[in-house]
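Chemist:
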DNA sequence: CGAGGTATTGATATCTTTCAATTGGTGTGG
DNA sequence: CCACACCAATTGAAAGATATCAATACCTCG
């Protein structure tokens, strides 16, 4: 799924290129613009749609009993989001960069509704999602702060980075708090790790939201679990 | 999914009772016994089947580059395991208690093969799995060692426990190392937490593999994320 | 009964969090 | 256009939690 931070494994929940619709599905999917700060759906909403992100970035969150928030994932172009648990969405989903999605009717999931093809697409996206999340598990449980942040940067750069000369640059549309919540760290720790990477000339930070990878090799090394 | 350790949310990937097969699917599913210590499948195997566990316990693991092992999940009766990423299995799967499964042909997933009904069942199991894994995320990232172990015990007891008088008992078919790997802790920490729970008269341990819950309320309390 | 793996317990080290202060960036109104 | 205010990010010092290293106790199986 989305930003899963496992360079070593499968490349997140993206639709297989091959299975692009070759004919229009029964109920035509709907395009939808989504402004920054607005919710595509909220936890508990009736899941009437499933969405494929065509551009922008979404943040999927959940709120714990005690009010603390967990960032479940970041949705990037190509991802499918909004898998319902039953009939309800189980996360909040907010655009953190101007986004566009394609909405598929939820009951495309139900037998005899929606094309077999759409159903296939979604099923396979779900299976990829599961695989990706399993990768993320390993991340969360067995990696140090440095390894987590480095992995996060790598994944983000791989999926949204743009090359500049020999280097690659990439925007961090999310706040430090978002990153921290996603990785299971605190803001301070994330900040400290970024500072360290900066001081070691692995990355450069411009205006806190833009990162330039100066030494991808070192970053990759830092993301590896050191025994 | 399997043992997801989120009492506060959805109850893991089990098939919805309602959607039990009402008629035999095209290709009849196969029953299969699985002895302790034997593998149902291994990472990298071609995923020819998907399995529904009818009894026993499985351990799903993955191996990291450095040789360390991550326990992705424990499969309990009612769970569906073996979701393929593409055509390959992405975890090892070993029985840790004498088990029995129903095997469904993998290509039941592909359009026009297998009954629509089986496909539905699997799709919905996959969706539940995703939801359950998201719960597990929160576990791994925002809970302390005590909270993790307590949550783990609760889930296990809820799914496999047997009442004895006012108390409930339950077997831990997995080793401390398995539990530690699953929760992202070390064996020592798991052991220390169990000892503490024992000293506080919340649980009793008999022969290290059997746990008796003496104070479920206290255990539930210990599993809650304390601000 | 003995051997070998598994679990527990203890002491110490390491990492991350927490608390607190400072700096930096952004937007608004004078 | 600058100044202020507010929120986000960084930095520092100390506390807390878990990991690591090491030793001992406990099962289980030949």
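Residue numbers (my numbering), protein chains in the order written: chain C, 262 to 488; chain A, 262 to 488. Even glycine gets a Cβ: it sits at the ideal position worked out from N, Cα and C.
DSSP beta-bridge partners for residue 313 of chain C?
Modeler: Residue mapping note: residue 313 of chain C aligns to position 52 of the first chain, counting from 1. In the DSSP output, where bridge partners are listed per residue, residue 313 of chain C has C/341, C/363.
Chemist: Locate the beta strand (DSSP E) running through residue 384 of chain A, then write down its first and last residues.
Modeler: Against the second chain, residue 384 of chain A aligns to sequence position 123. Following the DSSP letters along the chain, one finds residue 384 of chain A in no beta strand (DSSP E) but inside the alpha helix (DSSP H) bounded by residues 377-403.
Chemist: Assign residue 485 of chain C to one of three DSSP states: helix, strand, or coil.
Modeler: Along the first chain, one-based indexing puts residue 485 of chain C at 224. DSSP places residue 485 of chain C in coil when its eight states are reduced to three.
Chemist: Could you tell me whether the stretch 419-429 of chain C touches the stretch 440-458 of chain C, using the rule of 3 or more Cβ pairs below 8 Å?
Modeler: no
Chemist: With residue 321 of chain C and residue 334 of chain C assumed to form a contact (beta carbons below 8 Å), what rounded beta-carbon distance in angstroms separates them?
Modeler: Counted from its first residue, the first chain places residue 321 of chain C at position 60. Counted from its first residue, the first chain places residue 334 of chain C at position 73. Between residue 334 of chain C and residue 321 of chain C the Cβ distance is about 5 Å, and since that is below 8 Å, they are a contact.
Chemist: Are residue 519 of chain A and residue 401 of chain C close, meaning C-beta to C-beta below 8 Å?
Modeler: One cannot answer for residue 519 of chain A here, as it falls past the ends of chain A, which runs 262 to 488.
Chemist: Between which two residues does the beta strand (DSSP E) carrying residue 472 of chain C extend?
Modeler: Walking along the first chain from the start, residue 472 of chain C turns up at place 211. Start and end: 471-474.
Chemist: At a Cβ cut of 7 Å, what residues of the stretch 459-481 of chain C count as close to chain A, listed as they run along the chain?
Modeler: none
Chemist: Does residue 486 of chain C come within less than 8 Å of chain A when only Cβ atoms are used?
Modeler: Position 225 of the first chain, counted from the first residue, corresponds to residue 486 of chain C. Answer yes: the Cβ-Cβ gap between residue 486 of chain C and chain A drops below 8 Å somewhere.
Chemist: Using only the alpha-carbon positions, how far apart do residue 432 of chain C and residue 467 of chain C sit?
Modeler: Walking along the first chain from the start, residue 432 of chain C turns up at place 171. Walking along the first chain from the start, residue 467 of chain C turns up at place 206. Answer to the nearest angstrom: the Cα atoms are 10 Å apart.
Chemist: Does chain A have any CB closer than 8 Å to the CB of residue 402 of chain C?
Modeler: As a first step, residue 402 of chain C must be located in the first chain, where it is residue number 141. It does: the Cβ of residue 402 of chain C has a partner Cβ on chain A nearer than 8 Å.
Chemist: Could you tell me which chain C residues have their CB closer than 9 Å to the CB of residue 384 of chain A, listed as they occur along the chain?
Modeler: Here residue 384 of chain A refers to the residue found at position 123 when the second chain is read from its first residue. The answer, in chain order, is 370, 380, 383, 384, 387.
Chemist: What does the Cβ neighbour count give for residue 291 of chain C, buried or exposed, with the cut at 16 atoms within 10 Å?
Modeler: Residue 291 of chain C sits at position 30 when you count from the first residue of the first chain. Classification for residue 291 of chain C: exposed.
Chemist: Against chain C, does residue 310 of chain A count as a neighbour if the rule is that its beta carbon must be under 8 Å from one of theirs?
Modeler: Locating residue 310 of chain A in the second chain gives position 49, where the first residue counts as 1. No, residue 310 of chain A does not count as interfacial toward chain C.
Chemist: According to the Cβ coordinates, are residue 301 of chain C and residue 354 of chain C closer than 8 Å?
Modeler: Within the first chain, numbered from 1, the residue matching residue 301 of chain C stands at position 40. Within the first chain, numbered from 1, the residue matching residue 354 of chain C stands at position 93. The answer is yes: Cβ separation under 8 Å.
Chemist: Does DSSP put residue 301 of chain C in a helix, in a strand, or in coil?
Modeler: One-based indexing of the first chain puts residue 301 of chain C at position 40. Reduced to three states, the DSSP call for residue 301 of chain C is strand.
Chemist: I'd like to know whether the C-beta atoms of residue 414 of chain C and residue 480 of chain C end up nearer to each other than 8 Å.
Modeler: Reading the first chain from its first residue, position 153 is the one you call residue 414 of chain C. Reading the first chain from its first residue, position 219 is the one you call residue 480 of chain C. Yes, the Cβ-Cβ distance between residue 414 of chain C and residue 480 of chain C is below 8 Å.
Chemist: If the cut is a Cβ gap below 8 Å, which residues of chain A does residue 392 of chain C touch?
Modeler: Counted from its first residue, the first chain places residue 392 of chain C at position 131. Going along chain A in sequence order, the residues near residue 392 of chain C (Cβ under 8 Å) are 344, 346, 351.
Chemist: Does residue 348 of chain A come out as helix, strand or coil in the three-state DSSP assignment?
Modeler: Position 87 of the second chain, counted from the start, is the residue given in the question as residue 348 of chain A. In this structure, residue 348 of chain A counts as coil in the three-state DSSP scheme.
Chemist: Quick check: the stretch 303-319 of chain A against the stretch 340-357 of chain A, are at least 3 beta-carbon pairs closer than 8 Å?
Modeler: yes
Chemist: Taking the alpha-carbon positions, what's the residue 383 of chain A to residue 310 of chain A distance?
Modeler: Stepping through the second chain from its first residue, residue 383 of chain A is reached at position 122. Stepping through the second chain from its first residue, residue 310 of chain A is reached at position 49. Distance between the alpha carbons of residue 383 of chain A and residue 310 of chain A: 12 Å.
Chemist: In chain C, which residues lie with their C-beta within 9 Å of the C-beta of residue 325 of chain A?
Modeler: Taking the first residue of the second chain as position 1, residue 325 of chain A is located at position 64. The answer, in chain order, is 269, 399, 403, 486.
Chemist: How would you write the range of the alpha helix (DSSP H) that residue 449 of chain A sits in, first residue to last?
Modeler: As a working note, residue 449 of chain A is residue 188 in the second chain. Counting along the chain, the alpha helix (DSSP H) containing residue 449 of chain A begins and ends at 448-460.
Chemist: Considering just the uninterrupted stretch of the beta strand (DSSP E) at residue 292 of chain A, what are its terminal residues?
Modeler: Here residue 292 of chain A refers to the residue found at position 31 when the second chain is read from its first residue. First-last of the beta strand (DSSP E) with residue 292 of chain A: 291-295.
Chemist: Which residue's Cα is closest to the Cα of residue 469 of chain A: A/340, A/459, A/475?
Modeler: The count along the second chain starts at 1 and reaches residue 469 of chain A at position 208. Ranking the options by Cα distance to residue 469 of chain A, first place goes to A/459.
Chemist: How should residue 274 of chain A be labelled, buried or exposed, when 16 other C-beta atoms within 10 angstroms of its C-beta is the threshold for buried?
Modeler: Numbered from 1 along the second chain, position 13 holds the residue referred to as residue 274 of chain A. In this predicted model, residue 274 of chain A has a pLDDT of only 49, less than 50, meaning its place in the structure is not dependable enough to derive any value.
Chemist: Report the CB separation of residue 446 of chain C from residue 404 of chain C in whole angstroms; it is logged as a contact under 8 Å.
Modeler: Taking the first chain and counting its residues from 1, the one referred to as residue 446 of chain C is at position 185. Taking the first chain and counting its residues from 1, the one referred to as residue 404 of chain C is at position 143. About 10 Å; that fails the 8 Å criterion.
Chemist: Less than 8 Å between CB atoms is the rule here; does residue 483 of chain C satisfy it with respect to chain A?
Modeler: As a first step, residue 483 of chain C is located in the first chain; it is residue number 222 there, counting from the start. Chain A contact via Cβ: absent.
Chemist: Out of curiosity, what's the CA-to-CA distance linking residue 443 of chain C and residue 437 of chain C?
Modeler: Along the first chain, one-based indexing puts residue 443 of chain C at 182. Along the first chain, one-based indexing puts residue 437 of chain C at 176. Whole-angstrom Cα-Cα distance: 10 Å.
Chemist: Kindly say whether residue 419 of chain C, judged by its beta-carbon, lies nearer than 8 Å to any beta-carbon of chain A.
Modeler: The residue given as residue 419 of chain C occupies position 158 in the first chain. False, the Cβ-Cβ gap to chain A never drops below 8 Å.
Chemist: Counting along the chain, where does the beta strand (DSSP E) carrying residue 417 of chain C start and finish?
Modeler: For the purposes of this step, residue 417 of chain C is taken as residue 156 along the first chain, with counting starting at 1. Run containing residue 417 of chain C: none in the beta strand (DSSP E); it sits in the alpha helix (DSSP H), 406-421.
Chemist: Against chain A, with Cβ distances strictly below 8 Å, would residue 295 of chain C count as a contact?
Modeler: Within the first chain, numbered from 1, the residue matching residue 295 of chain C stands at position 34. No, its Cβ sits nowhere closer than 8 Å to a Cβ of chain A.
Chemist: Could you list which residues in chain C have their beta carbon closer than 7 Å to that of residue 333 of chain A, in chain order?
Modeler: Working through the second chain from its first residue, we reach residue 333 of chain A at position 72. Near residue 333 of chain A (Cβ distances below 7 Å), the residues of chain C are 395, 398.
Chemist: How many Å lie between residue 362 of chain A and residue 348 of chain A at the Cα?
Modeler: On the second chain, residue 362 of chain A is found 101 positions in, with the first residue counted as 1. On the second chain, residue 348 of chain A is found 87 positions in, with the first residue counted as 1. Whole-angstrom Cα-Cα distance: 20 Å.
Chemist: For residue 320 of chain A, go through chain C and note every residue whose CB falls closer than 7 Å to its CB, in chain order.
Modeler: Counting from one through the second chain, the residue named residue 320 of chain A turns up at place 59. Under the 7 Å cutoff, chain C gives no residues; its nearest Cβ is about 14 Å from residue 320 of chain A.
Chemist: Contact criterion: CB-CB distance below 8 Å. Does residue 329 of chain C meet it with respect to chain A?
Modeler: Position 68 of the first chain, counted from the first residue, corresponds to residue 329 of chain C. At least one chain A Cβ lies under 8 Å of residue 329 of chain C.
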